[in-house]
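Below is one structure, written out as structure tokens; the observations come after it.
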Amino acid sequence: MASRFNALKADAHWQQVWDEARTFAADDHSARPKTYVLEMFPYPSGKIHMGHVRNYTMGDVLARYRRMTGHEVLHPMGWDAFGMPAENAAMEKKVHPGTWTRANIGTMKAQLKRLGFALDWTRELATCEPDYYGHEQALFLDFYQSGLVYRKESAVNWDPVDMTVLANEQVIDGRGWRSGALVEKRKLSQWFLKITQFADELLDGLGSLEHWPDKVRLMQENWIGKSQGLQFRFALSDGGSVEVFTTRPDTMFGASFVAVAADHPIAQAVAAGNPDAAAFIERCKQGGTTAAELETQEKLGFDTGLTATHPLGAGELPVYIANFVLMEYGTGAVFGVPAHDQRDFDFATKYALPIRRVVSDGDKPDPDFREPEAYTGPGTLVNSHFLDGMDVEDAKRAVIARAEDGGWGKGSTVYRLRDWGVSRQRYWGTPIPIIHCPTCGEVAVPREQLPVTLPDDVTFDVPGNPLDRHPTWKHVACPHCGGEALRDTDTLDTFADSSWYFIRFASQPKDRPFDRSVAESWLPVAQYIGGVEHAILHLLYARFWTRALRHVGLIDLAEPFTGLFTQGMVTHETYKAADGRWLAPDEVRDGVEIAGGGAVTVGRVEKMSKSKKNTVDPEPIVDQYGADAVRWFMLSDSPPERDLEWSENGIEGAWRFVQRLWRLFDGEASGATGSDAALDRKLHQTIAGVGADIEALSFNKAVAKLYELTSAIEKAAPSASRDTAIATLMRLVAPMVPHIAEEAWAARAQGGLIADTEWPAVDPALLVEDEVTIAIQVNGKLRETLTLAKGLPKDEVEAAALAVDKIVRALDGNAPRKVIVVPDRLVNVVL
RNA sequence: GCGGACGUGGCGGAAUCGGUAGACGCUGGAGACUUAAAAUCUUCUGCCCAUGGCGUGCGGGUUCGAGUCCCGCCGUCCGCACCA
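Under the numbering used here, read the first sequence as residues 263 to 1093, first letter to last.
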């Protein structure tokens, strides 16, 4: 008998067998029910990390399980291959972004293959290849031609050293994350996708996504940020007017000022004739936007000298330019009600403006406001003319009705969501297929000229956009007039690439982005698995893109992902030397630094990251323990939505279990006869339980049940039941540890691949126990347990309970006050 | 500040409907096998003043019975943030 499972040999063998048999290639024409399991595709940064391993293992277990339960499973893999790291590598290592990216893909693909994932590699795609991004350009033009794309001047974060636009996340304390240069606000002409056109749909659609985490739905809801209120006009003392938006029209009579944003046209107009105002506006722009700065920043205003006429005849209000009013939200102007808004309260306190209470919470009918802070709760209107006595909600409706009747305002809805700016002044992305002609204006690149490919001969030795400074690339003839014209030298935000890759996986014809009917046969994705860091942007953009495709008539699909699961991170202890250097796990042993023996401080358990050096590279681990042990560990212990702490003990334990399985699997079946009713029952309970747990993605629970079954089999005496249990266990563990399962299946000459077998059937008769353990309690406290036949009548159970020694003693000759009998569960004797 | 999640042994965690808290794994103890070690196997492992008592962050409540439901605190983590 071979004593050990040789993982290295078995892994390679079965991976090759699956590859050659195209076991996991999804068949578009299959008669089986189709299902689509997808993990978020990786960015090819260099090597795979433990987070990838955990993510893809979870998806793999589900995909393999669904195959075994009779589904035709689409489980593809590809590469989110455009993006900045490739350009940074180009600058630092003098290597072309494409060369760097494709090399990384090669490395990471080989690494993924070694983990034995049941992936359909025939559908592999990389977003940096023209046969992907060319179709994306076609979709962009479809959107453009149906009015979902527009061009607008917009303020961006401009890094003057790197000469590029930075995303908000790349601006740290007002400086560029790479260059450290002070970031400037610049106006640039940018392409926008009209995501706000779908704001309501995207919001309402969240309601249908029952298999998404509530947390993610809530985050998206807050991101979209729908607010309903009143938009109305104040007449100004200079003859103009100012439009404001409020969600609290009920507090109209509490208004004591009007404030506009620093970049509001009214503020600009005032500044033109008033240097003090201009200076104030300049000062507003300097303020930082980080949380801490906003927290401490004082509310500041500049009195324009203008006044606004209250539309309901409540006098004239001063008009300020204020630093806390945002141009980007609502109309860029507000009316201030200090008694019922904290910011307005702070502002009014500073500038000695009236604070008049118009909503009373009942306890304090006195309308003169003397609270130390604004009151924002519900209540009854006071000091408000025709609104007096109404509650807040009624008053809102009354004011909106009055405004609409009087023609000075209307009920209105405002969203926090902005249109999606997709222009990036970078090389390594999808070129925007538009040509700018001095005579014809913007012209779409004709379809037959797609793809617009990236030039290869680019340089990264100077900052700025290599496409823009390429000597010839941008110079083209205008498709309309044939005159000299220029290509748009911007590329699309890489979130565009990841907004439809799941459709291209389902169907990839050469001549168009996808075939509608094939795509619709696979989509929506039944289960999507990835990190919660994509809860908003990627998932919202993909939802939008899908709706936009439906809008232009390319697919009949509202939501791309029916089920979403956000898995936790892989974490590890951190270690620090006395001098503050971070140390890697393999530099530390027994609490001291191996090199030099210096003392080591064990820090918090944190997400694996290069900066804290607490990463564990999957590759040597797979070398040492084999793919199955790594997979098993990824599924064990921690619930999948929570963080998993990597530990040496954990992987060792997983490896021990794989070997334990092998001791059961290795060799011939015993050939013993006779049945073992208890083992049969345990087996069928495990089949049902593990199946349900996998469906629920509760892999840690499935693992626990498999441990229990394994122990039960080990302890059982030889019997036909035991032989059956062992053969069945092979199939039960197959989704999780597929290599040892194939090896064992082949050794027992079961025929075919275990990957192609069916999930074992459950015998429902064996799921019910014939005996139950009943808890005997006194006043709710456990005193004894009794094992009785299942389904025994109440009175018999009660009699048995009252005959128990401890109960007789507790009763001490008295009759119980009450006896509660829960059939097949417990008896509670109340004294 | 607003919104949300969570809090169970030495550790990760189970407990699906309000019904035996601590499944399963890790760590640790004892033992078997061995010249020895590794591996493996057996067994124990919430706490304490131990025929009993106490225990699911803290304080109350509902109930025959609460980790689970209700009220009030405390703590940790996450998201958003001058959003009118």
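Where a beta carbon is used, it is the ideal one built from N, C-alpha and C, also for glycine.
Residue i lies in the beta strand (DSSP E); which residues open and close that run?
i: glutamine 399; result: No beta strand (DSSP E) contains glutamine 399, which is instead part of the alpha helix (DSSP H) from 392 to 407.
i: glutamate 868; result: 862 to 869
i: histidine 834; result: 832 to 839
i: arginine 495; result: 488 to 498
i: glutamate 349; result: Looking at the DSSP string, glutamate 349 is not in any beta strand (DSSP E); the run it does join, the alpha helix (DSSP H), is 346 to 355.
i: phenylalanine 597; result: 595 to 598
i: phenylalanine 564; result: 563 to 571
i: valine 335; result: 334 to 336
i: phenylalanine 827; result: 826 to 829
i: glutamate 704; result: 703 to 706
i: phenylalanine 507; result: 503 to 508
Just to confirm my understanding: we take residue i, look at its own chain, exclude 5 residues before and 5 after, and list those with CB closer than 6 Å. What are they?
i: threonine 551; result: Since pLDDT at threonine 551 reaches only 48, below the 50 mark, its modelled position is unreliable, and no value is offered.
i: lysine 355; result: none
i: alanine 810; result: Phe405 and Leu410
i: alanine 497; result: Ser503 and Thr571
i: serine 932; result: Pro980 and Asp985
i: proline 741; result: Val705 and Pro708
i: tyrosine 298; result: Leu336, Trp784, Val787 and Ala788
i: threonine 509; result: Ser489 and Gly491
My understanding is that residue i touches residue j, with C-beta atoms under 8 Å, so please give their C-beta distance in whole angstroms.
i: arginine 1087; j: alanine 1037; result: 7 Å
i: isoleucine 696; j: glutamate 704; result: 6 Å
i: glutamine 459; j: lysine 414; result: Going by Cβ atoms, the distance from glutamine 459 to lysine 414 rounds to 14 Å, so no, they are not a contact pair.
i: arginine 678; j: isoleucine 486; result: 7 Å
i: valine 323; j: methionine 831; result: That belief does not hold up - the Cβ atoms of valine 323 and methionine 831 are roughly 19 Å apart, past 8 Å.
i: aspartate 681; j: phenylalanine 454; result: 4 Å
i: alanine 524; j: isoleucine 543; result: 4 Å
For the candidate residues the options, whose alpha-carbon lies nearest to that of residue i?
i: lysine 612; options: Trp670, Pro600, Asp623 and Ser622; result: Pro600
i: proline 573; options: Glu903, Phe609, Trp670 and Gly639; result: Trp670
i: glutamate 655; options: His647, Thr642, Ala1017 and Asp667; result: Thr642
i: serine 761; options: Trp276, His337, Trp341 and Met330; result: Trp341
i: valine 884; options: Ser900, Trp917 and Pro902; result: Trp917
i: glutamine 687; options: Gly744, Ala293 and Thr756; result: Thr756
i: isoleucine 273; options: Gln886, Asp1057, Ile988 and Thr1035; result: Rather than isoleucine, the amino acid found at residue 273 in this sequence is aspartate. It is Gln886.
i: phenylalanine 259; options: Ala797, Leu754, Thr808 and Phe722; result: Any property of residue 259 remains undetermined from this structure, which presents the chain solely from 263 to 1093.
i: valine 644; options: Ala541, Met514, Ile310 and Ile765; result: Met514
i: arginine 664; options: Val522, Gly639, Gly575 and Glu746; result: Gly575
i: valine 1024; options: Leu959, Val952 and Val999; result: Val952
i: glutamate 635; options: Ala1011, Ala595, Asp603 and Asp730; result: Asp603
i: cysteine 390; options: Thr384, Lys736, Gln399 and Asp382; result: Gln399
i: aspartate 289; options: Met370, Asp818, Thr384 and Arg266; result: Thr384
i: methionine 346; options: Leu941, Lys456 and Asn727; result: Asn727
So, for residue i: in the same chain, excluding its five sequence neighbours on each side, which residues have a beta-carbon less than 8 Å away from its beta-carbon?
i: aspartate 538; result: Phe564
i: isoleucine 617; result: Ser518, Pro600, Ala601, Phe607, Ala610, Thr611 and Phe631
i: alanine 553; result: Residue placement at alanine 553 cannot be trusted, given a pLDDT of 42 that sits under 50; what the coordinates show is reported in the next sentence. Excluding sequence neighbours, alanine 553 sits near nothing in its chain.
i: glycine 668; result: Pro573
i: tryptophan 280; result: Phe286, Gly378, Ala380, Leu1015 and Ala1017
i: threonine 1049; result: Glu1033, Val1034, Thr1035 and Ile1036
i: proline 700; result: Gly745, Glu746 and Ala747
i: arginine 266; result: Gln921 and Trp924
Near residue i, which residues of its chain fall below 7 Å by C-beta distance, leaving aside the five closest residues on each side in sequence?
i: valine 995; result: Leu923, Leu968 and Ala1003
i: alanine 348; result: Pro359, Trp362, Thr363 and Trp690
i: serine 470; result: Glu821
i: threonine 824; result: His473, Pro786, Val787 and Ala788
i: proline 580; result: Phe519, Asp565 and Thr569
If you follow the alpha helix (DSSP H) that residue i is in, where does it begin and where does it stop?
i: glutamate 957; result: 939 to 957
i: valine 581; result: No alpha helix (DSSP H) contains valine 581, which is instead part of the beta strand (DSSP E) from 578 to 584.
i: arginine 329; result: 312 to 330
i: phenylalanine 607; result: 604 to 612
Task: Segment contact flag, the region 798 to 807 with the region 857 to 865, C-beta cutoff 8 Å, min 3 pairs - done: no
Open item on the list: So, does the region 479 to 487 touch the region 563 to 570, judging by three or more C-beta pairs under 8 Å?
Closed with: no
Open item on the list: Can you confirm whether the region 742 to 759 touches the region 772 to 788 when touching is taken to mean that 3 or more C-beta pairs between the two stretches lie within less than 8 Å?
Closed with: no
Open item on the list: With three or more beta-carbon pairs closer than 8 Å as the criterion, would you say the region 417 to 427 touches the region 439 to 454?
Closed with: yes
Open item on the list: I want to know whether the region 364 to 376 touches the region 306 to 323 - three or more CB-CB distances under 8 Å.
Closed with: yes
TODO: Evaluate the contact criterion for the region 708 to 723 versus the region 383 to 403: three or more CB pairs, one atom per stretch, below 8 Å.
DONE: yes
Open item on the list: Check whether the region 1071 to 1078 and the region 1055 to 1063 touch, using three or more Cβ-Cβ pairs below 8 Å as the test.
Closed with: no
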